[in-house]
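In what follows, a single structure is set out as structure tokens and then discussed.
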Amino acid sequence: MRAAFLEGHEGIGSLTVGRRPRPEPGHGEVLIRIAAAGLNRVDLYMANDGSGFRHELPITLGVDGAGVIEALGPGCTARRVGERVVIYPARYGLDEFTRRGDQMLSFSRAIPGENIDGCFADYIAMPEACAFPIADDLGFVEAAMLPTAYLTAWRAVTTAGQVRSADWVLIHGVGGGASTAALQFCALRRARTIVTSSSDAKLAAARERGATHTINYREQDVLAEVRRITARRGVDVVIENVGADTWGTSLKALTGGGRLVVFGATTGPNPPADLQRVFIRQLHIIGVTIGNFEEFRTLVDAAERKLFVPVVDRVVPLEEVREGLAYLESGQQTGKIAVAVDPALCG
754 MRAAFLEGHE GIGSLTVGRR PRPEPGHGEV LIRIAAAGLN RVDLYMANDG
804 SGFRHELPIT LGVDGAGVIE ALGPGCTARR VGERVVIYPA RYGLDEFTRR
854 GDQMLSFSRA IPGENIDGCF ADYIAMPEAC AFPIADDLGF VEAAMLPTAY
904 LTAWRAVTTA GQVRSADWVL IHGVGGGAST AALQFCALRR ARTIVTSSSD
954 AKLAAARERG ATHTINYREQ DVLAEVRRIT ARRGVDVVIE NVGADTWGTS
1004 LKALTGGGRL VVFGATTGPN PPADLQRVFI RQLHIIGVTI GNFEEFRTLV
1054 DAAERKLFVP VVDRVVPLEE VREGLAYLES GQQTGKIAVA VDPALCG
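Okay, structure coming up:
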């Protein structure tokens, strides 16, 4: 089968589009014919480094995917051949976390494209429970955007951030996939949002998607603007996905008892902690990576009901996945970048 896989960690050029063996579904697994996949920053990290993620080379990249069930392994009872599905982005074992419904915390969690072969391929074998059915009118490209960025943003806004109507929310770097999704979900909850970017075009797009206020951080002081906009009160929630460069501003922007929800560290993972501010202001710092089964079901249902539409900047064929990653690395995109693995299925 066709696949985009790494044979080293020397950058995007380490990614080969070639042939790999087609997987066979094991007990309790389904074989999924991939229609569309999604690019994520972790694909760049795997290409450039990959340290910290247990894996063997070669490894097929691609965390996110959606497609059609091609075959059932022994013991499958819930899914059927020909069913349209989106893939929950992790395998897992049975442990204390999965028993309580926190699949993303499982000690034996294995993520496609990080630990095991991923979705930049014609086929992938995954546990039956990880294949979530989707409605016929939810396109494969839109569905493939859900598992990582949109699920992470959903958990960040709803479960971790507990964003409510009229809350003030600060979202950094609004052009990225997860931050764009977070803005969409805050708008659904009628929160008041302040978003930042260095691009006026991205800020204009954010206003069209419901942003209440926008800040160009190259031209304006973000903290001063947040304090002005909120009459010095501060925000209830910060969606933090930048890291060291914005961490101090994020803590200072919060009102007393505010919630800092973090799911990224692009500019560095070790900022000054500012512990006195944390305990004096009784701030909550909450980490998020993807979400659990229940949250994924709710997210897919919301997408099927057209409560939101995933923002897709561009779609590239599998043969041009390197060009797609280069575009992602440039930071020019607004929203997500999709890979049409099977253009005929993508429509």
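Numbering-wise, this note's numbering comes out as the position in the sequence shown, counting from 1, plus 753. Even for Gly, the Cβ is constructed at its ideal location relative to N, Cα and C.
DSSP lists 992, 1039 as the bridge partner or partners of residue 1014.
In the three-state scheme derived from DSSP, where H, G and I count as helix and E and B as strand, residue 1002 is classed as helix. Per the DSSP secondary-structure output, residue 885 pairs in a beta bridge with 839. The C-beta of residue 790 has 16 or more other C-beta atoms within 10 Å across all chains shown, which makes the residue buried.
Take the alpha-carbon of residue 949 and the one of residue 1016: they are about 16 Å apart.
In the DSSP annotation of this structure, residue 760 is not part of any alpha helix (DSSP H), being labelled neither H nor E. Residue 1028 is classed as exposed because its beta carbon has fewer than 16 other beta carbons within 10 Å across all chains shown. The continuous alpha helix (DSSP H) containing residue 1083 extends over residues 1074 to 1083. The continuous stretches of beta strand (DSSP E) do not include residue 916, and DSSP gives it neither H nor E. Under the criterion of beta carbons closer than 8 Å, residue 940 and residue 963 qualify as touching, at roughly 3 Å.
A contact is defined here as three or more CB-CB pairs under 8 Å, and the stretch 977 to 996 meets this definition with respect to the stretch 905 to 922. In its chain, beyond the 5 residues on either side, 762 have a beta carbon closer than 8 Å to the beta carbon of residue 802. Distance from the Cα of residue 1030 is smallest, within the candidate group 970, 891, 1001, for 1001.
By the 16-neighbour rule on beta-carbons within 10 angstroms, residue 780 is exposed. Secondary structure note for residue 936: its alpha helix (DSSP H) is the uninterrupted segment 930 to 941.
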